[in-house]
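Trainee: The opening position of the sequence shown corresponds to residue 1 in the UniProt record's numbering, with each subsequent residue numbered one higher.
Backbone N, C-alpha and C fix where the C-beta goes; we use that ideal spot for every residue, glycine too.
As the structure is a prediction and not an experimental result, all values here were calculated from the model.
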Amino acid sequence: MLNNVQRGERLKELRIKNGYSQIDLAKKLGYKSDATISKWESGTNFPNGKKLVLVANLLDTTSDYLLGLDTANYLENEDKQVIELTRIADFAMMFDGKPLSEAEKDKFENLVKVYFGDKYGADR
């Protein structure tokens, strides 16, 4: 497990990697100034509970990684496998132990488009 200074360094590294200034991150977390973020990064203090989970989500990582309980940053962009929602049927070939037919895959894709609308279902 990392000490607070090491955790702060890890947090700072991820903040920069994700393109946030201290004030940007602070505002996303509901703080009016960057003082709290500065304290976290210097090791004076560190987020816990719900705030830690929120920070991890904003920085595309896990709370375990921020705490030093896990050494792998599983959510690094190059490690993420992105699957378009409309194409997920290509990866989920079975339902209830039976293979999906092409017609069923098309129905599934249409269902995703109807459910999520243009936000996720529209081709880009």
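If I follow the unbroken alpha helix (DSSP H) through residue 4, where does it start and stop?
Mentor: If you number the sequence shown from 1, residue 4 lands on position 4. Here the alpha helix (DSSP H) through residue 4 covers 4-17.
Trainee: Can you give the Cα-Cα distance for residue 66 and residue 17, rounded to whole angstroms?
Mentor: Taking the first residue of the sequence shown as position 1, residue 66 is located at position 66. Taking the first residue of the sequence shown as position 1, residue 17 is located at position 17. So the two alpha carbons sit approximately 14 Å from each other.
Trainee: Quick check on DSSP: helix, strand or coil for residue 32?
Mentor: As a first step, residue 32 is located in the sequence shown; it is residue number 32 there, counting from the start. Three-state result, residue 32: coil.
Trainee: How long is the line joining the alpha carbons of residue 80 and residue 60, rounded to whole angstroms?
Mentor: As a first step, residue 80 is located in the sequence shown; it is residue number 80 there, counting from the start. As a first step, residue 60 is located in the sequence shown; it is residue number 60 there, counting from the start. Note on residue 80: pLDDT 49, under 50, position unreliable in the model; the coordinate value appears next. So the alpha carbons of these two residues sit roughly 10 Å apart.
Trainee: State the Cα-Cα distance for the pair residue 1 and residue 57, rounded to the nearest angstrom.
Mentor: Translated into the one-based positions of the sequence shown, residue 1 becomes position 1. Translated into the one-based positions of the sequence shown, residue 57 becomes position 57. Going by the C-alpha atoms only, they are around 20 Å apart.
Trainee: Roughly how far, in whole angstroms, is the beta-carbon of residue 46 from the beta-carbon of residue 7, given that I think they are within contact range, below 8 Å?
Mentor: On the sequence shown, position 46 is the one that residue 46 refers to. On the sequence shown, position 7 is the one that residue 7 refers to. Going by Cβ atoms, the distance from residue 46 to residue 7 rounds to 5 Å, so yes, they are a contact pair.
Trainee: Would you report the Cα separation of residue 49 and residue 104, rounded to the nearest angstrom?
Mentor: For this step, residue 49 is matched to residue 49 along the sequence shown. For this step, residue 104 is matched to residue 104 along the sequence shown. Cα to Cα, residue 49 sits roughly 43 Å from residue 104.
Trainee: Taking the C-alpha atoms as reference points, what is the distance between residue 42 and residue 11?
Mentor: Stepping through the sequence shown from its first residue, residue 42 is reached at position 42. Stepping through the sequence shown from its first residue, residue 11 is reached at position 11. So the two alpha carbons sit approximately 10 Å from each other.
Trainee: Could you give the distance in angstroms between the alpha-carbon of residue 13 and the alpha-carbon of residue 102?
Mentor: Looking up residue 13 in the sequence shown gives position 13. Looking up residue 102 in the sequence shown gives position 102. Taking the straight line joining both Cα atoms gives about 46 Å.
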